[in-house]
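Let me begin by presenting the structure, written as C-alpha cells, before commenting on it.
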Amino acid sequence: NQKTGAVEITAQNHNYNVPENITEVAEVTHVNLFDNTIEGLKYNDAPVMSVQHHPEASPGPHESAYIFGEFAKML
C-alpha cells in the first residue's frame, strides 16, 4: 500500500501489466513487491479506483477489506 506503507497479503492471478505512464492520469496506490508491477490505481479526475488482486479473498487474508469501504465512499 503506497499510502500507508503496509504490506498486504493478497490472492492474485493475472497476466496483464499496467503501463508506468498511467501516472499521468492516475495515482499508483499499490505495487507488487515481487515484480514491482502496478497493482492498484486511483484516477485523478474521476471517482474510479481499481486493484489487480482479490480483496474479497476469504477465508484467506483480510488486509485488503478496507478497499470496499473506500469504494463505497466514492458512490
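Going by my numbering, the sequence shown opens with residue -16, and the numbers climb by one from there.
A virtual CB, placed ideally from N, CA and C, is assigned to each residue, including glycine.
These numbers were taken from a predicted model, which means no experiment stands behind them.
Over the uninterrupted beta strand (DSSP E) stretch that includes residue 60, give me the two end residues.
-> No answer is possible for residue 60: the residues shown for the chain start at -16 and end at 58.
Please report the residue range of the beta strand (DSSP E) in which residue 25 lies.
-> 21 to 26
Quick one: give me the first and last residue of the beta strand (DSSP E) that residue 6 is part of.
-> Per DSSP, residue 6 belongs to no beta strand (DSSP E) and is neither H nor E.
To the nearest angstrom, report how far apart residue 46 and residue -10 are at their CA atoms.
-> 8 Å
Supposed close pair residue 25, residue 48 - CB separation, criterion 8 Å | The pair is not a contact, with the Cβ atoms about 17 Å apart (cut-off 8 Å).
Which residue or residues does DSSP assign as beta-bridge partners of residue 13?
-> 23
Residue 38 versus residue 13 - alpha carbon distance = In this structure, the alpha-carbon of residue 38 lies about 12 Å from that of residue 13.
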